[in-house]
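Those letters in the sequence shown? Residues 4 to 443, by my numbering. A short worksheet on the structure shown next.
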Amino acid sequence: MLSIKWVVLALAVIMYLLVIIFQEKKVWFTTGVALVLLVMGMLFPGQIFTGNNSRWFPLIHAFGNLINWNVLMIYVGAMTIAALFLYSKVPALIADAIVGSCRSTGIAVVMILALTGIISIFVENVATVLVMAPIALSISKKLKINPVPFMIGLAVMSNLEGTATLVGDPPSMIFASYSGYTFNDFFISQGKISIFFFIQAGLLVGCLFFYCFFAKYKDKSEVEKEPIISWVPFILLLSMIFGLAVISFFSDGLTYISGGFVLALGIVGVLWYIFSQKKNMAEVKELIFGLDWETIFFLMGIFVVVGAISEVGLLNDLAISLGRITNGNKLAGFVLILLVSILISGFVDNVPYIIVMLPVAGNMAAQMNIAPELFMFALLIGSCLGGNLTPYGASANVVAMGILKDEGHPVNFGGFLKIAAPFTILTTAAAAVSLWFVWG
């Protein structure tokens with residue numbers, strides 16, 4: 004008789020293949036497989052979702068334990084604040100100030116790319132590219148330069164910094180939930196510098212890389228300045244950052260206090276948008292429905308599927324197999340996780356990959372009796388920075404390519420790879436080497 008473990012594996016593999024092939028329909032596949040597994044769990048009590056043989060236990064377990072509501076609350080709240088932050092025009096004001104203060108356009112371009120990365124620490128990557136793109140196009144047109152390196156730079160720099168803090172991207176939130184990391188732990192953990200600083204090593208190398216493209220532009224350029232609408236969203240953003248930092252001091256791990264706090268700030272922002280900005284219901288709906296709800300439902304399905312994979316023992320089997328491949332060698336395990344993560348994330352959404360691989364990396368570290376951070380940080384660095392490798396590796400890349408096409412500068416796969424591949428290799432190497440020296 005076919006073991007139910009292999010049925011779960013087959014369903015998961017089919018789901019992943021469909022997600023890769025039909026990216027625009029990924030929510031349907033993850034939700035569908037999650038529902039199939041829940042029904043199977045109800046038909047075969049105790050064989051997939053362990054802990055209780057009650058027929059209704061899989062549903063209760065999925066919505067009570069497997070779906071991480073704290074991560075979802077943080078994501079919804081942070082997305083709302085980010086959307087209002089972009090609406091406020093404060094990022095554009097900061098970019099204008101940078102352009103005005105730099106002695107040459109080349110330096111200004113590199114500073115804008117660095118600013119793009121910094122903004123994406125707290126703001127969704129696609130939104131960051133959209134708000135910075137007009138500035139990049141304006142400078143490119145005035146100096147009659149090719150906007151392709153600039154636009155690709157916006158995309159890859161935003162992807163680079165998304166994993167630096169707890170609120171940057173879903174993979175960071177998922178990692179924090181799995182490992183019990185607080186907002187402050189992304190900076191200092193167990194007396195050692197943490198993931199934030201390894202990503203900054205990549206940022207410095209990335210800035211030097213793009214300086215080679217733009218240093219020759221010595222003329223000074225001005226962009227058309229826009230007045231800001233309000234400072235309130237910026238205050239909400241700062242409140243979220245400092246609030247999470249304070250909560251980290253008084254709570255152990257990523258508790259529901261964090262999610263509730265960020266979601267509450269998002270609700271305050273929406274109320275400000277309605278009453279202070281005098282927006283009608285159509286405009287409010289546009290703001291709310293414009294948030295990335297697809298990722299929310301995508302995550303819910305993935306949480307259930309990975310929960311099933313874990314509870315039938317497949318993740319532990321994978322960790323044992325990888326441990327055998329590396330023969331218990333710490334450096335071999337580190338390099339294997341890093342390289343596999345880069346290659347897979349260059350073509351596949353990194354969220355499901357991260358959810359599957361975090362417990363695998365943790366189990367591999369436990370088998371070698373080393374700090375799990377070494378492998379889990381390598382996983383984060385490889386999967387998040389690896390998304391820069393191809394035009395399809397991250398949504399921000401797709402958006403940047405679409406903008407360039409609309410502007411009459413279409414970029415093919417090879418053209419993107421020419422800039423993105425060396426950037427990915429250099430920035431990932433810088434982050435990985437610094438990680439190894441601290442945690443290796």
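The beta carbon of each residue, even a glycine, is placed where N, CA and C say it ideally should be. Model, not experiment: these values are computed from the prediction.
Beta bridge pairing from DSSP links residue 195 with 192. In the DSSP annotation of this structure, the continuous segment of the alpha helix (DSSP H) that includes residue 64 starts and ends at 60-64.
The Cβ atoms of residue 435 and residue 385 sit closer than 9 Å to each other. Selection 194, 429, 418 evaluated against residue 154 yields 418 as nearest (Cα-Cα). Close CB contacts of residue 266 within its chain, under the 8 Å cut and outside five residues either way in sequence, are with 76, 77, 79, 80 (chain order). Residues of the same chain with a CB within less than 7 Å of the CB of residue 18, apart from the 5 flanking positions on each side, are 32, 33, 36, 308 in chain order. Residues of the same chain with a CB within less than 6 Å of the CB of residue 305, apart from the 5 flanking positions on each side, are 33, 355, 358 in chain order. Counting the other Cβ atoms within 10 Å of the Cβ of residue 404 gives 16 or more, which makes it buried. Here the segment 381-401 lies against the segment 337-346, with 3 or more beta-carbon pairs under 8 Å apart.
Rounded to the nearest whole angstrom, the CA to CA distance from residue 158 to residue 277 is 32 Å.
The three-state reading of DSSP puts residue 21 in helix, counting H, G and I together. With at least 16 other beta carbons inside 10 angstroms of its own, residue 360 counts as buried.
When the Cα atoms are used, residue 439 and residue 74 turn out to be separated by approximately 28 Å. In the pairwise beta carbon analysis, the segment 59-71 is classified as not touching the segment 93-109: fewer than three pairs are separated by under 8 Å. With contacts defined by Cβ atoms closer than 9 Å, residue 87 and residue 134 do not form a contacting pair. Residue 218 and residue 137 have their C-alpha atoms roughly 21 Å apart. Under the three-state reduction of DSSP output, residue 299 falls in the helix class.
Nearest to residue 325 by alpha-carbon distance, out of 369, 289, 315, is 369. CA-CA distance, residue 312 to residue 8, rounds to 8 Å.
DSSP places residue 230 in the coil class of the three-state scheme, outside both helix and strand. Restricting attention to alpha helix (DSSP H) runs no shorter than 4 residues, the segment 41-89 encloses them at 60-64, ordered along the chain. Distance from the CA atom of residue 423 to the CA atom of residue 46, rounded to whole angstroms, is 48 Å.
Residues of the same chain with a CB within less than 8 Å of the CB of residue 416, apart from the 5 flanking positions on each side, are 393, 394 in chain order. Beta-carbon to beta-carbon, residue 166 and residue 174 are separated by about 6 Å, close enough to satisfy the 8 Å threshold. In terms of Cα proximity to residue 377, the closest of 442, 409, 107 is 442.
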